[in-house]
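These notes are about the structure you will find just below.
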Amino acid sequence: MTDRSRLKRTLALAAFAIPVIIYPLVYSGSYPVGVGIIAGAMAAGTVGFVLLIGYAHQLAFGQAGFLMVGGYVNAILSTHYHIDPFVALLAGVVLSMAIAWVIGWPIMKLRGFVLAMASLAMQFIFIVLAVESDFAGGALGTQGVPKFSIFGISFANDTAFYYAVWAIAFVCVAIGLNIDRSRIGRALKAIAASEMAAGSVGIDAIKYKVQMFVVSAGMASAAGSLGAHYLRAMDPNVYGFAYSLNLLTGVIIGGLTSVWGGALGATVITGLRELLRSLALPLWESVIMGALTVIVLIAFPAGLAGALSALFDRVVGRGGRAGTISLAPDSTALAPAQNPPPADGVLLDVRGASRAFGSLRAVADVSFTVATGSITALIGPNGAGKTTLFNLIGGYQPLDAGSVLFRGEPIETLLPDEIAVGGIGRTFQNLQLFDNMTVLENVMCGRHRLMTAGLPSISARLPKVPREEAEAQRAAHAALAFVGLRGAEDVRPSVLPFGHQRLVEVARALALEPTLLLMDEPASGLNDTETERLAELILRICALGITILLVEHDMRLVMGLADSVVVMHHGIKIADGPTDQVRADPQVIAAYLGHDPHTEAHERVAGA
Amino acid sequence: MDFAVFFQLFLPGLTTGCVYALVALGFVLTANVSGVVNFAQGEFVMLGGVVAAALVAGGMPMLPAIVIATIVGAIVAATQERLTLAPVRDTPHFIRITITLGVAVVLRGIALILFGKDPLFLPGFTGEGTISLFGAVLPIQSLWVWAATAALLAATFWFLKFTDVGRAVRACSINLRAARLMGIDAERLTLLVFSLAGAAGALAGVVITPIVLATWDAGVSYGLKGFIGAILGGMRNPVIAVLGGLGIGVVESLAAGYVSSGYKDAIVYGVLIAYLLVRGGVFLFGRAALVGNAGE
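Chains A and B, in that order, give the protein sequences.
The first sequence begins at 1 in the numbering used here and counts up one residue at a time.
The second sequence begins at 1001 in the numbering used here and counts up one residue at a time.
In structure tokens form, the structure reads like this:
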């Protein structure tokens, strides 16, 4: 698998870099080199955009606004203040990233694609400011921008500038690729697949969305700077609404799911625009760009990069086929918890938890405790409020009243990812796996909270990043071995049978080395053999020193496993205590069976 | 404060605000039944304007030109829904929304090719006279804009409140999935609401054109300002969306008059961003602001 992806990376680099290097040698005229420079600048601007749209699923329709910021900062600093153009470029990048951070942070918290319009509004504000301010040169813009230079090394020659521009574009691509194959890349894919599950492994969705907005702003700004040096001028029309649309069309045609897609799309779009210009069809540009956007999104959402990747798969072989799946669990794969909380204490303390939906009191004043090291089951008929209570504990819904203490600390105001970071793992009743990643990557997502590399070190791929990745891989393999699922590491989870997918989810939750594991109906959808295996797995997890709280319908499983049971009915707790004692509680029997104790179902509850 | 000056700014602002209000309403209704924010919403206004102006300039009487322009809006919107949204009902939202932007760009481009770059003129429905109101002098056409908007809003709210189909639309806005499970045919409803939103947008474009002229690239700004109204209503509440649209028109006009006409767009869009920053909790430190939303 790694050999295969390394081959793919190398091929992609070669397929892109060789034509870029050769191009000005073959077409040395000032027009073709100029087109190459425009394409290269745009390519730099698209990398972050792909991460923002294709990975984080966040739309920004006014991305050219950041090219304006970069272009103007550079034009003004290098023309009026004679600052080195490369330093000015960096200044523009920093300013753009700061703007993106300030507006991105609050806006990303709002749902419903607000960023799309907000960024467009931002771009129009920039245009108005540029037109109205004398400082930026008004409608005429800033003229006489010097040729590009880096710390005094001049790139006065167009061909030299071409190489400088593309070198910067490749730096952007490299940063994008580094992000792609890191914990942040996985986090972005996880967010795109299921924000709920991403939260359950401690991924702060908003933080990474904002980070990608900031990265995309910085790269767009660099692109704008380079463009201003090529044009030797900056005016308000250079990076207007049409440029934002071209950028968007470019990344869509190039392919939203690959960092290379952006650079590829930028090249194609630039070529296409020049073609239309040479055919004297500039009026048609808008129709063609718009139509391409629509057609590609409907028919080929993976774009050109997706098509090339499919071609690679066909030639080299798909890879990622499941090998022989081994279901023999290895109990020694995971080490017991390192710093277990003192035994015989209370690990989780739910006090008076309440939550109503309209007039329906789904959970009303429920209190119970979970002892450290125990297996506690939360049972009750359908609609008793078990899953709601679970969601309250996991931070997925706010409590109306009451509190939840974990290791003595209140956690009821925390969000799901913060709760996961605190050491509470969970599995879902309806599987929430990330189907845009392999099984191994899914489990590696569980390591997120235990990894420390941040955006700067990941961008530069400092030595600690691959080290941490290797460690996460090892831990993910161990978690899969522990649950008993080996040989399926390289496939998408959806190709696995349901029971195996459930094991992947358990492995993902175990990978975050939880102190407490919440399991929401882990046996639902499993057959008898699988349920038995699950029971055995739960006991082995408990033996690692991990406390377990589970919601379950399957009474045999509960009665065989749980040390203590909490029974809910119509949103209130009706019984609570050691399993044997609860089993005999007349109220519990009534809740489950009505008042006739001589039915077959009675045997099911009482019998075990 | 000079009230004549105030009304001379306020009333024209209300007039353009009518268009924003109808666009905002279109945003809210289509988003609720289809789950997609239709970024081509502003283009229907542009289409209505340019089509009616071109027809009248070509010698067609006013009334049939208005009717045809409105029907064009409905047909274009319905076609958009059938061709570009219905086939991709299951793809992720961000892709479907981007598709609507692509459609908007195509519509702009077609308008540019068919009708050219220059603004198109449409005479007032009842001449070019002016009226005086609270000391402000307004084109008579303003009355038509207000009347048409009032009629469209009344019809829309009657439709939502008192017809079965309207109730189905409201059900979708509360919970799209539950509405579908209850047997509401969201496919047909989506097509219907798109057509109505297209027609209403185009009609708004027709009535405003005698005052502001019609240009191929006006759709973005109508769309953005209507979107601000829709956002103020949380993309859910049609009444607040309409009031928001009207308010944006007024703010824009007052900003142009009292501050500077060059900065009016910057002020309106600045209001949007400021509002979003406040709603997103820029003044609340930490992540406490989020907890309330976590369950949504």
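We treat Cβ as the ideally placed atom computed from N, Cα and C, and that holds for glycine.
Residue i versus the options, residue with shortest Cα-Cα distance
i: B/Glu1081; options: B/Thr1070, B/Gly1102, B/Leu1063 and B/Met1062; result: B/Gly1102
i: A/Ala507; options: A/Met234, A/Leu231, A/Gly65 and A/Ala479; result: A/Ala479
i: B/Val1079; options: B/Glu1252, B/Ile1273 and B/Thr1190; result: The sequence as given places Thr at residue 1079 of chain B; Val does not occur at that position. For the residues B/Glu1252, B/Ile1273 and B/Thr1190, the minimum Cα distance to B/Thr1079 belongs to B/Thr1190.
i: B/Leu1009; options: B/Ala1256, B/Ala1230, B/Leu1272 and B/Tyr1263; result: B/Ala1256
i: A/Leu485; options: A/Ser331, A/Gly70, A/Trp101 and A/Ser354; result: A/Ser331
i: A/Gly48; options: A/Ser96, A/Leu405 and A/Ile76; result: A/Ser96
i: A/Ile411; options: A/Thr387, A/Val350 and A/Arg426; result: A/Val350
i: A/Gly577; options: A/His570, A/Gly571 and A/Met559; result: A/Met559
i: A/Phe498; options: A/Ala476, A/Leu526 and A/Asp520; result: A/Leu526
i: A/Gly45; options: A/Ala14, A/Gly261 and A/Leu279; result: A/Gly261
i: A/Thr387; options: A/Leu247, A/Val201 and A/Ala362; result: A/Ala362
i: A/Val346; options: A/Ala371, A/Ile298, A/Gly290 and A/Ile18; result: A/Ala371
i: B/Gly1135; options: B/Gly1262, B/Pro1012 and B/Ile1267; result: B/Pro1012
Rounded separation between residue i and residue j - CA only
i: A/Ile83; j: A/Ala160; result: 20 Å
i: B/Leu1276; j: A/Ala164; result: 39 Å
i: A/Ser457; j: B/Glu1187; result: 48 Å
i: A/Tyr81; j: A/Ser149; result: 15 Å
i: B/Gly1286; j: B/Leu1153; result: Low per-residue confidence applies at B/Gly1286: pLDDT is 37, beneath 50, and the placement is therefore not dependable, though the value from the model is reported in the following sentence. About 42 Å.
i: A/Val94; j: A/Val268; result: 29 Å
i: A/Asp417; j: A/Ala190; result: 13 Å
i: A/Leu392; j: A/Pro398; result: 6 Å
i: A/Ala116; j: A/Phe61; result: 5 Å
i: B/Ala1054; j: B/Thr1016; result: 21 Å
i: B/Val1251; j: B/Gly1270; result: 11 Å
i: A/Ser221; j: A/Leu455; result: 18 Å
i: B/Val1036; j: B/Pro1092; result: 10 Å
i: A/Arg273; j: B/Phe1003; result: 52 Å
i: A/Glu441; j: A/Ala470; result: 12 Å
i: B/Gly1249; j: A/Ser258; result: 42 Å
Per-residue contacts from residue i into chain B (C-beta, under 7 Å)
i: A/His448; result: Within 7 Å Cβ-Cβ: nothing; A/His448 doesn't reach chain B, min ~17 Å.
i: A/Met117; result: Leu1224 and Phe1227
i: A/Phe61; result: Leu1101
i: A/Leu247; result: Neighbours of A/Leu247 on chain B: none; closest Cβ ~12 Å, over 7 Å.
Neighbouring residues, chain A, relative to residue i (Cβ below 8 Å)
i: B/Phe1103; result: First, the amino acid is wrong: residue 1103 of chain B is Val here, not Phe. What B/Val1103 touches in chain A: Gly290 and Val294.
i: B/Tyr1020; result: Going along chain A, no residue has its Cβ under 8 Å from B/Tyr1020, so there is no contact; the nearest lies around 13 Å.
i: B/Leu1246; result: Within 8 Å Cβ-Cβ: nothing; B/Leu1246 doesn't reach chain A, min ~19 Å.
i: B/Arg1279; result: Pro106 and Leu110
Contacting residues, own chain, Cβ-Cβ under 6 Å from residue i (five flanking each side not counted)
i: A/Lys147; result: Ala156
i: A/Tyr162; result: Pro24, Val33, Gly36 and Ile37
i: A/Ile175; result: Ser459
i: A/Ala590; result: none
i: A/Leu226; result: Ala41 and Val165
i: B/Val1050; result: Ala1111, Phe1115, Leu1120 and Ala1214
Cut-off 7 Å between Cβ atoms - residues of its own chain near residue i, not counting five sequence neighbours on either side
i: A/Arg183; result: His448, Met451 and Ala453
i: B/Val1019; result: Val1045, Ala1204, Ile1208 and Tyr1222
i: A/Ala472; result: Met444, Arg447 and Met451
i: A/Asp435; result: Ala193, Arg492, Pro493 and Ser494
i: B/Gly1280; result: none
i: A/Val296; result: Ile252, Ile253 and Gly303
i: B/Gly1166; result: Phe1159 and Leu1160
i: B/Val1291; result: Here B/Val1291 scores only 38 on pLDDT, less than 50, and its place in the model is too uncertain to base an answer on.
i: A/Asp554; result: Ala523 and Thr531
Neighbouring residues, chain B, relative to residue i (Cβ below 9 Å)
i: A/Met122; result: Tyr1269 and Ile1273
i: A/Phe66; result: Neighbours of A/Phe66 on chain B: none; closest Cβ ~15 Å, over 9 Å.
i: A/Ile191; result: None at all; the shortest Cβ gap to chain B is about 12 Å.
Chain-ordered neighbours of residue i on chain A, where CB pairs are closer than 7 Å
i: B/Tyr1263; result: Val128 and Glu132
i: B/Pro1092; result: His57
i: B/Ile1231; result: Val114
Beta-carbon neighbours of residue i, restricted to chain B and to distances below 8 Å
i: A/Ser286; result: Val1105, Val1106, Arg1108, Gly1109 and Leu1112
Contact set for residue i: own chain, Cβ-Cβ below 8 Å, skip 5 residues either direction
i: A/Gly152; result: Asp84
i: B/Gly1127; result: Ile1140
Q) At a Cβ cut of 9 Å, what residues of the stretch 96-114 of chain A count as close to chain B, listed as they run along the chain? A) Residues Val102, Ile103, Trp105, Pro106, Ile107, Met108, Lys109, Leu110, Arg111, Gly112, Phe113 and Val114.
Q | Within 7 Å of chain A by C-beta, residues of the stretch 1174-1185 of chain B in sequence order | A | For the stretch 1174-1185 of chain B, which is checked against every Cβ of chain A, not one residue is closer than 7 Å.
Q) According to a CB-to-CB cut-off of less than 7 Å, which residues of the stretch 413-446 of chain A neighbour chain B? A) Answer in chain order: Thr413 and Leu415.
Q. Going along the stretch 1079-1091 of chain B in order, which residues come within less than 8 Å of chain A, judged by CB to CB distance?
A. The residues in question are Thr1084, Pro1087, Val1088 and Thr1091.
Q) Of the residues that make up the stretch 300-321 of chain A, which ones have a beta carbon closer than 8 Å to any beta carbon in chain B? A) Within the stretch 300-321 of chain A, the qualifying residues are Pro301.
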